[in-house]
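Visitor: In the UniProt record's numbering, the protein residues as written are 1 to 345.
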């Protein structure tokens, strides 16, 4: 892709997200979401492959439907209450439609079916943008309207997301689909705590962005998109393979990695709200996700393929390695000890 076109598209992504984050009027928030959608579609189709075109078409139709529902809910709310500001979403019908629309945009179950198929047709860099940056604007709208959304609907969608996210990833051998189901499961945890503690949702979102970014950056460095390619990564780059194993443990929520922090705090808050049954179901569904993370970790680190000539350790490292990757890996492993500091803020 032309560097000038690429810079314009990435700038448009930034402008769209910042517009939504900084707006208090529904029209500007909707406009930012539309800019985001229109900016990422050319990035999806830059491979000039029928699969990429199919993914871009599915993504456009899904996001256009969600945007139309957001516009319809805000117009209905303005018709009823006379208010266009985001924090005055008082009409029950408008709130229900808005919750469904934002769930479609994010890929929260039961509106998740588009996400694995779309990600499977994209390259790793576009998948990284789709699972990280594109979540910021819709999730910010959910956080801003959290005190008005239907709590029972959010809890139901959250439990569905964690179960489907764990169950769907069990049979996958493609890394992009596995990360899509991982995203669905993590969004379920964020949605669960949204009505009770928006600050915890924000913390969970930040840690999710960090873990997912480091995972995709390592996959891009190894140029691996399935489990077969990852099985030879230990012979080529043992340090990166061991870092990927620890990142997978963090995604699964095992202590003492950073991924344990949000699950621990969310279950603690849910227990305080006397939602023991929901907490138990969420903890048990997290085991499904943990299983396929552990299976992938086993494939990467504890099994070694035959040491053929094309899988020897690389002795010459490219100079254009990602400089941000060591910092991301360090944060993936070492945020748990600073939990009291994070809670104090």
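Cβ coordinates follow ideal geometry from the N, Cα and C atoms, glycine included.
Three-state secondary structure (DSSP) at residue 49?
Guide: In the structure shown, residue 49 sits in coil (DSSP, three-state: anything other than H, G, I, E or B).
Visitor: Compare the beta carbon distance of residue 246 and residue 201 with 9 angstroms and say whether it is the shorter of the two.
Guide: No. Outside cutoff.
Visitor: What residues in its chain sit with their C-beta under 6 angstroms from that of residue 381, if we drop five residues either side in the sequence?
Guide: What is shown of the chain runs 1 to 345, which leaves residue 381 out entirely.
Visitor: At 4 residues or longer, what runs of the alpha helix (DSSP H) sit wholly inside the region 176 to 229?
Guide: Segments of the alpha helix (DSSP H) lying fully in the region 176 to 229: 198 to 222.
Visitor: If you drop the 5 nearest sequence neighbours on each side, which residues of the same chain put their C-beta closer than 7 angstroms to that of residue 234?
Guide: Once the five neighbours on either side are set aside, the close Cβ partners of residue 234 are 241, 300, 301 and 304.
Visitor: Please state whether DSSP places residue 341 in a helix, a strand or coil.
Guide: The answer is helix: DSSP assigns residue 341 an H, G or I state.
Visitor: Just reading off the alpha helix (DSSP H) that residue 120 is part of, what are its end residues?
Guide: Start and end: 114 to 120.
Visitor: Helix, strand or coil for residue 268 per DSSP?
Guide: Three-state DSSP puts residue 268 in a helix.
Visitor: With a floor of 3 residues, list each beta strand (DSSP E) that falls wholly inside the region 16 to 102, ordered by position along the chain.
Guide: Qualifying beta strand (DSSP E) stretches: none in this window.
Visitor: Using only alpha-carbon positions, find the residue among 146, 286, 127 and 260 that is nearest to residue 43.
Guide: The option with the nearest alpha carbon to residue 43 is 127.
Visitor: What are the start and end residues of the alpha helix (DSSP H) that includes residue 144?
Guide: 133 to 144 is the extent of the alpha helix (DSSP H) around residue 144.
Visitor: Would you decide whether residue 147 is buried or exposed? Buried here means 16 or more other CB atoms lie within 10 Å of its CB.
Guide: It is exposed - the Cβ of residue 147 has fewer than 16 other Cβ atoms within 10 Å.
Visitor: Measuring alpha carbon to alpha carbon, tell me which residue in 9, 196 and 237 is nearest residue 273.
Guide: Taking only the C-alpha atoms, the option nearest residue 273 is 196.
Visitor: Just to confirm, are residue 20 and residue 29 a CB contact at a threshold of 9 angstroms?
Guide: Going by C-beta atoms, residue 20 is nearer than 9 angstroms to residue 29.
Visitor: Closest by CA to residue 335, which one among 286, 270, 255 and 185?
Guide: Out of 286, 270, 255 and 185, 255 has the C-alpha closest to the C-alpha of residue 335.
Visitor: Got a sec? Which residues, its chain only, sit under 8 angstroms from residue 258 by beta carbon, not counting five neighbours each side?
Guide: Closer than 8 angstroms at Cβ, skipping near neighbours: 207, 210, 211, 250, 331, 332, 333, 334, 335 and 336.
Visitor: Whole angstroms are fine: how far does the CA of residue 161 sit from the CA of residue 186?
Guide: One C-alpha to the other measures close to 8 angstroms.
Visitor: My assumption, with CB atoms under 8 angstroms, is that residue 132 sits in contact with residue 176. Please give the rounded CB distance.
Guide: Rounded, the Cβ-Cβ distance is 14 angstroms, inconsistent with contact.
Visitor: Between which residues of its own chain and residue 9 is the CB-CB distance below 7 angstroms, once the five residues before and five after are set aside?
Guide: Counting only Cβ-Cβ distances below 7 angstroms, and skipping sequence neighbours, we find 39, 42 and 43.
Visitor: If you follow the alpha helix (DSSP H) that residue 324 is in, where does it begin and where does it stop?
Guide: It is not in any alpha helix (DSSP H) - residue 324 carries neither H nor E in the DSSP assignment.
Visitor: In whole angstroms, give me the CA-to-CA distance for residue 159 and residue 270.
Guide: Those two C-alpha atoms are separated by around 13 angstroms.
Visitor: Drop a sphere of 10 angstroms on the beta-carbon of residue 121, count the other beta-carbons inside from all chains shown, and report buried for 16 or more, exposed for fewer.
Guide: With 16 or more Cβ atoms within 10 Å of its Cβ, residue 121 is classed as buried.
Visitor: Determine the extent of the alpha helix (DSSP H) in which residue 279 is found, giving its start and end residues.
Guide: Unbroken alpha helix (DSSP H) run through residue 279: 276 to 297.
Visitor: Using a Cβ-Cβ cut-off of 8 angstroms (strictly less than) and excluding sequence neighbours within five positions of residue 69, which residues of its own chain qualify?
Guide: Contacts found: 97, 98, 100, 101 and 104.
Visitor: If we ignore side chains and look at the alpha-carbon of each, how far apart do residue 49 and residue 135 end up?
Guide: Using only the alpha carbons, I get a separation of about 25 angstroms.
Visitor: If you draw a straight line from the alpha carbon of residue 149 to that of residue 32, how long is it in whole angstroms?
Guide: Cα to Cα, residue 149 sits roughly 21 angstroms from residue 32.
Visitor: Could you check whether the region 289 to 299 touches the region 168 to 183, counting it as contact only if at least three pairs of C-beta atoms, one from each stretch, sit closer than 8 angstroms?
Guide: Counting Cβ pairs under 8 angstroms, three or more are found: they touch.
Visitor: Distance check for residue 137 and residue 90, CA to CA, integer angstroms please.
Guide: So the two alpha carbons sit approximately 21 angstroms from each other.
Visitor: Since residue 155 and residue 243 are thought to touch, with beta carbons under 8 angstroms apart, how far apart are those beta carbons, to the nearest angstrom?
Guide: The pair is not a contact, with the Cβ atoms about 35 angstroms apart (cut-off 8 angstroms).
Visitor: Just confirm the distance between the C-beta atoms of residue 157 and residue 205, as a whole number of angstroms; I'd bet it's less than 8 angstroms.
Guide: No, residue 157 and residue 205 are not in contact; Cβ-Cβ is about 16 angstroms, not under 8 angstroms.
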